[in-house]
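With the first letter of the sequence shown counted as 1, position 96 gets the number 87 in this note's numbering; the numbers rise by one all the way through.
For every residue, glycine included, the Cβ atom is placed at its ideal position computed from N, Cα and C.
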Amino acid sequence: MSWFRKASSVVLAGTLLFASCKPKETRVIDRPELNKDLQAVRTLEPAPAMWEEWTAPSSEGHYYAAATGDVNGDGTPDLVAGSFEPGGVAIWIGHSDDTWEHSFVSLPSSEGRDVALADIDGDGRDEILVVSRGGIEGLLVLHSPDEGPWGQPDVISEKAGYESIAAADLDHDGDIDLAAALGGDHIDGGLEIWLGDGAGIFTNDYALQSGGSFKDVLLATIDGDAHLDLIAAGWGLSQGVRIFRGKGDGGFVPGPVLGMPGNYRSVELGDVDGDGRDDLVAMTYRSGVRVFPGLDPEAEPCVLIENGSFWSALVTDVDGDGRAEIHAASSNGLGILSWSHEKNCEFTPIATGLPTRDVWFGLTFGELYDSGERALVAAGFSDGIRAFGPAGSGDPREGARARIIQGPDDAEERWARGNDTFTTAQGFPEYRLGVGDLVGVRVFNGERLEEVEATVQTDGEIFVPARGIGSVPAAGQSPVQLKSAILELAGQVWREAEVEVVVLEYRSHKIALLGEIRSTARSDSGPGQYAIEGKTRVVDFLSKHGGPTDHADLNHVQVIRPDGRSSYLNLYKAVLSSDQRENPILNNGDTVFVPSLSMSNRRLIVLGEVNEPGMVEIRDDISLLEAVARVGGFNKRAYLQNIVVIRGGLESPEVTAVNIRAALEGGDLSVDLTLRSGDIVYVPHKKIVNFQQVMASIQPIFNLILDALIIRELANRP
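Below you can see the structure in the form of structure tokens.
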């Protein structure tokens, strides 16, 4: 069986294998498993639009979820989105002069699966709650800086497998609490409740559901008792849609289970039939869209679509007829589909003016402009963030076409729009093909399928043995651009042609890793030369190929460009402060050299709110203030009353809290602790409550690039 025959079964199962290579103007090949009703929805003729597109800050990028709120407390709506390529959180701070200020907080080798906004510490500014998956796992919190770039996120939980987060006051104490869905299995999945203290600290009060896989969690009042209830989308053979009744004190009582077991992706509430009661709308994987009238566990669900995969829903009465329309984001590449209720269990597909093509994930409805107007905001696989307002309302920023002001986090991104290894010509980073790369091409002419695996030759071309195509220039093109070129040639011969292009083997662009690179059981680890697969930063590439050894000096990593230029990087700062200037994008022919710390066997680590976090080599014992001075001093976020010194390593630590403000303000140097080799100094940005909070803040750096071996080695040194 050829590679394409194998890939076809995956594509037909509804995955996104070719989605990133699909240009917006090309029709998606219909999936055979989608039934005739769903095909009919896709071919609806345009009707008087229910929605019209408004100005949004981004029409490119790869996002799972979006949320609106007031991040900086200026009264003007802001927008945040969870990104998965690259991994992180995109932030657009809105201003009243029709501009957005853009920043990006990187989560290396990770993806922002879900985001929510809530003021968890009572400072009048919404914090950004993030579900991170991949290299950095867990629940994170981003606090808006008073000035300058965004800092590192705080960690609520490092547990792997979170899928969704919701924020609300569950116990009527005026403080924000959290509910989170875990997508694990019968052992490590479940539902968690986190109670907040109003100062930004959360206590994992209990596991509402231990075990089982859940993809979404929704907090809403469903029984009229003023207590928030919880609805969870279950995933797997033993799960349905679970309801838990809130008691008003942060606790819940198990309620009914709606629907047969299945793969439920998300849930949403709204009165879709106009009877004054909320109905439950559930999105599924490969089983379409279902509605549970009145949340009645005894009633049969209404099946709007029997097949197809849908990620999220928005239920809102845009036309004001008393019946909320259902908008469903398709992860099959079918756009955003919509229905309205007719009678009983009958729903009619409607054309609304929303996108009818491509893959969409998160949908939300919130204020996006200073005028207070609410918009439907959609997060797309490759179409970025799009906004839509009710038809006839008029774009609040029409004529102004809001400008994007690059934030301080974007200094390196302003010029890094492409290099030898990638291009952003199609609106998002795409690998740039080179000589030696192996690509797969499928051409469907309406009657037969031609498929070929072709290597980019020394003349920069590939040969496609299909009528009307032949040799096609490929070197320097992205898969999307190559696909467009082949499609144009095929279109001259065939009336309806479909083309798919994917890179099978990356061979043309190489990066050399030298020095203290760890060798593992994997063949692509340790010092050597490795292929680069597009837009890649130093930390991601280093982590992918073994990471640093326990002797690595991560304060002085050197990148040598092919023209001889070189720069030195502080990878501690790159990860802890999300400083992209210390984590540049690599290019073909670059060499990354990680030096050794063997010149000294006495060192300590200073982390947190300092200007140059990292290791400090010492000859004799030094004071805490001297060590901080060696890493550039405290930054403006430093909380000087509660600096933590960890002695003895992370496995059997001796923890000391130091109030260094007295030494700085009153000259009382008696509190300036003497440090020894192996100590870890952590400078927080707020009061530390317990050691677990310290560990939650510093552990990601060790998990990502240091490895616990370094700490164990330091603890054992004299």
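Same chain only: Cβ atoms within 6 Å of residue i, ignoring 5 sequence neighbours per side
{"i": "L295", "result": "V280, W330 and F338"}
{"i": "I178", "result": "G202"}
{"i": "L354", "result": "S303, L305, A320 and A369"}
{"i": "R124", "result": "E102 and R104"}
{"i": "I651", "result": "L631 and I634"}
{"i": "I20", "result": "The pLDDT assigned to I20 is 33, lower than 50, so where the model puts this residue is not dependable; a value taken from the coordinates is nonetheless given after this. Here the set comprises E489."}
{"i": "P644", "result": "I637"}
{"i": "T343", "result": "M41, W42 and S329"}
{"i": "A56", "result": "G73, D105, V106, G353 and A370"}
{"i": "W351", "result": "A320, I327, A369 and G371"}
{"i": "L209", "result": "I222 and V258"}
{"i": "I234", "result": "I222, G246 and P247"}
{"i": "S362", "result": "P387"}
{"i": "G437", "result": "E487"}
{"i": "A290", "result": "P284"}
{"i": "Y360", "result": "P387"}
{"i": "P288", "result": "P247 and L249"}
{"i": "A157", "result": "A170, V208 and L210"}
Per DSSP, the bridge partner or partners of residue i
{"i": "G461", "result": "V455"}
{"i": "V471", "result": "According to DSSP, V471 bridges with nothing at all."}
{"i": "F355", "result": "The sequence shown places Thr at residue 355, not Phe. In the DSSP output, where bridge partners are listed per residue, T355 has V368."}
{"i": "A171", "result": "I156 and E183"}
{"i": "V132", "result": "L120 and D145"}
{"i": "G409", "result": "T414"}
{"i": "A766", "result": "Not covered by the structure: residue 766. The range shown for the chain is -8 to 709."}
{"i": "P539", "result": "I508"}
{"i": "H318", "result": "L305 and S329"}
{"i": "F338", "result": "H332"}
{"i": "E138", "result": "Answer is none; E138 lacks a bridge partner."}
{"i": "Q483", "result": "Looking at the DSSP assignment, Q483 forms no beta bridge with any residue, so it has no partner."}
{"i": "K678", "result": "In DSSP, K678 forms no bridge with anything."}
{"i": "P420", "result": "Partner(s): none; P420 has no beta bridge."}
Proximity test, Cβ basis, 8 Å: residue i and chain B
{"i": "N579", "result": "Absent from the structure is chain B; it holds one protein chain and no more."}
Rounded straight-line distance, which links the Cα of residue j to that of residue i
{"i": "Y422", "j": "T415", "result": "9 Å"}
{"i": "K334", "j": "D264", "result": "8 Å"}
{"i": "I637", "j": "A476", "result": "59 Å"}
{"i": "G165", "j": "L131", "result": "22 Å"}
{"i": "E43", "j": "Y276", "result": "28 Å"}
{"i": "G181", "j": "G324", "result": "29 Å"}
{"i": "G285", "j": "L271", "result": "7 Å"}
{"i": "D515", "j": "L577", "result": "18 Å"}
{"i": "S149", "j": "N410", "result": "For the record, residue 149 in the displayed sequence is Glu; it is not Ser. Approximately 35 Å between the Cα atoms of the pair."}
{"i": "A512", "j": "K501", "result": "21 Å"}
{"i": "I184", "j": "N574", "result": "36 Å"}
{"i": "L108", "j": "V80", "result": "12 Å"}
{"i": "V426", "j": "A466", "result": "6 Å"}
{"i": "Y563", "j": "D137", "result": "22 Å"}
{"i": "R498", "j": "R256", "result": "37 Å"}
{"i": "F625", "j": "V122", "result": "29 Å"}
{"i": "G174", "j": "L424", "result": "36 Å"}
{"i": "F356", "j": "A378", "result": "9 Å"}
{"i": "D61", "j": "S87", "result": "13 Å"}
{"i": "D312", "j": "G241", "result": "36 Å"}
{"i": "F75", "j": "D612", "result": "44 Å"}
{"i": "A58", "j": "G538", "result": "34 Å"}
Same chain, Cβ closer than 8 Å to residue i, neighbours up to 5 away in sequence not counted
{"i": "P586", "result": "G506, E507, A543, D544, H547, V548 and Q549"}
{"i": "I213", "result": "D220, I222, I234, L260, D269 and L286"}
{"i": "P252", "result": "G225, G227, L228, S229, Q230 and G231"}
Same chain, Cβ closer than 7 Å to residue i, neighbours up to 5 away in sequence not counted
{"i": "S100", "result": "G78, G125, G126, D531 and S534"}
{"i": "A382", "result": "A40, M41, W42, E43 and G344"}
{"i": "A522", "result": "Y497, R498, H500 and K501"}
Using a Cβ distance threshold of 8 Å, determine whether the segment 515 to 532 contacts the segment 447 to 467, with at least three qualifying pairs required. no
Between the segment 547 to 554 and the segment 517 to 528, do at least 3 Cβ pairs fall closer than 8 Å? The count of Cβ pairs closer than 8 Å, one atom from the segment 547 to 554 and one from the segment 517 to 528, stays below three, leaving the stretches out of contact.
For the segment 558 to 566 against the segment 629 to 640, are there 3 or more C-beta pairs whose distance is under 8 Å? no
Are the segment 460 to 476 and the segment 616 to 624 touching, with three or more C-beta to C-beta distances below 8 Å? Segments in contact, no.
Evaluate the contact criterion for the segment 197 to 214 versus the segment 226 to 234: three or more CB pairs, one atom per stretch, below 8 Å. yes
Can you check the segment 220 to 246 for any beta strand (DSSP E) of at least 3 residues that lies completely inside it and give the ranges in chain order? 220 to 227 and 232 to 237
Should the segment 189 to 197 be regarded as contacting the segment 206 to 220, the criterion being three or more beta carbon pairs within less than 8 Å? no
Which runs of the alpha helix (DSSP H) spanning at least 4 residues fall entirely within the segment 547 to 630, listed in chain order? 562 to 567 and 615 to 621, all fully within the segment 547 to 630.
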